[in-house]
Structure formats: structure tokens, C-alpha cells
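Undergrad: To start, I am sharing the structure in question, which I have written as C-alpha cells.
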Amino acid sequence: MKTIHILHYRTESLLIRVRNYVQENVNSFLVPNIVIILMGCCIAFPLSFITKSNVLIGFVIFPYALFYTKKQRVNYFYLSCAVLLEVLTYAYHLRIFYFFAIAFLMLFIMELFIGEINKLILFLLAFMSPFFEQISVILGFPIRLKLSML
Numbered sequence: 004m005k006t007i008h009i010l011h012y013r014t015e016s017l018l019i020r021v022r023n024y025v026q027e028n029v030n031s032f033l034v035p036n037i038v039i040i041l042m043g044c045c046i047a048f049p050l051s052f053i054t055k056s057n058v059l060i061g062f063v064i065f066p067y068a069l070f071y072t073k074k075q076r077v078n079y080f081y082l083s084c085a086v087l088l089e090v091l092t093y094a095y096h097l098r099i100f101y102f103f104a105i106a107f108l109m110l111f112i113m114e115l116f117i118g119e120i121n122k123l124i125l126f127l128l129a130f131m132s133p134f135f136e137q138i139s140v141i142l143g144f145p146i147r148l149k150l151s152m153l
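Numbering (this note's numbering), first residue to last: 4 to 153.
Written as C-alpha cells, this is what we have:
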């Protein structure tokens, strides 16, 4: 019987093996939640924000900076930050609050379904945020002014 299983495993197509892997390892609630969050991001943030250099670099670095343990947990800090920032977004209509609310909600969902995530991701999200973009524009102006005087 073991031989039949090995022969059957070798003759399975790649798509069937991928489907079986996804069914065994990916929680069925994770994917719809991530899709809903990404749909909200597409509505709120235009393509001009996504194509900024710090956001593109953050997307490239994200898979390399994501370290997690298999210990799944409910992180109430991320959940409370997401709710507080959503309330601030509703009150003030600022994209900075909305960006961080989505980021904390995504971190909460990832820790709930995947496992505990390291703190390096928080610095990466801060680097990708509109807040960092504003800081770099404000600090970059005196530098460009001094360079133009040379």
C-alpha cells in the first residue's frame, strides 16, 4: 500500500500538490480577510502612493523581514491599535491613520492565523507609511537647498 501511495504521489500534477498543500496549511479564514483588507487599500490609496520608492522597497523587503513562530495568539494590542486608529480615521479622514489601522489589522490577523510575528515588521511598516514620506520630504528640503547652493 505504501508503494501505491508513492507512485500515486509521483504521478500527481503540480497543481494538485499545490492545492493539497494550501488546503492543509492555509487557514480558510485568512485569505478572505486579507483580500478584504487589500480591497480597502486599493480604494483608499491611489497608484501614486503605491509606486513611491519607500513603499515599493517595503513590499520587496516584507517577505524577508517576516519571521514568525507557530505559536498562534490573539494580540489585543494590535487589535486595540487598529480600532483606535479606525476611529481616528473616521473622525479626521487622514490616510496616515488609515494606513496604520490597516497595518495593525493585518498584523492582528496574521498573528491570529499564522503565528507570532517579530517586531521588525513594525519598523518596516513605519518606513512604508505616509508619515515617513512626509518626514523625508520635510527633512529633504534643507538638504536639497544646501546642495543647490554648492
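Note that the Cβ used here is the ideal one computed from N, Cα and C, for glycine as well.
Since E27 and Y71 are thought to touch, with beta carbons under 8 Å apart, how far apart are those beta carbons, to the nearest angstrom?
TA: Taking the first residue of the sequence shown as 1, we reach residue 27 at position 24. Taking the first residue of the sequence shown as 1, we reach residue 71 at position 68. About 18 Å; that fails the 8 Å criterion.
Undergrad: Report all residues from its chain with a CB closer than 7 Å to the CB of V77; omit the five preceding and five following residues, and keep chain order.
TA: Position 74 of the sequence shown, counting from 1, holds the residue named residue 77. Answer for V77: L115, listed in chain order.
Undergrad: Does the Cβ of F80 have 16 or more other Cβ atoms within 10 Å, making it buried, or fewer, making it exposed?
TA: Counting from 1 along the sequence shown, the entry for residue 80 is found at position 77. Under this definition F80 is an exposed residue.
Undergrad: Between the alpha carbons of L82 and L108, how many angstroms are there, rounded?
TA: Working through the sequence shown from its first residue, we reach residue 82 at position 79. Working through the sequence shown from its first residue, we reach residue 108 at position 105. The C-alpha of L108 is placed about 6 Å away from the C-alpha of L82.
Undergrad: Please look up how many angstroms separate the CB atoms of L128 and A106, rounded, as I've assumed it's under 8 Å.
TA: Along the sequence shown, read from residue 1 onward, the residue named residue 128 stands at position 125. Along the sequence shown, read from residue 1 onward, the residue named residue 106 stands at position 103. Confirmed, about 5 Å.
Undergrad: Quick check: what's the CA-CA separation for L150 versus P35?
TA: Working through the sequence shown from its first residue, we reach residue 150 at position 147. Working through the sequence shown from its first residue, we reach residue 35 at position 32. If I take the Cα positions, the gap works out to 49 Å.
Undergrad: Reducing DSSP to helix, strand and coil, say where I117 ends up.
TA: Along the sequence shown, read from residue 1 onward, the residue named residue 117 stands at position 114. In this structure, I117 counts as coil in the three-state DSSP scheme.
Undergrad: Using the C-alpha atoms, what's the distance from G43 back to H96?
TA: Here residue 96 corresponds to residue number 93 of the sequence shown, with the count starting at 1. Here residue 43 corresponds to residue number 40 of the sequence shown, with the count starting at 1. Computed Cα separation, rounded: 14 Å.
Undergrad: Using only the alpha-carbon positions, how far apart do F52 and Y93 sit?
TA: The residue labelled residue 52 in the question sits at position 49 within the sequence shown. The residue labelled residue 93 in the question sits at position 90 within the sequence shown. Going from the Cα of F52 to the Cα of Y93 covers about 20 Å.
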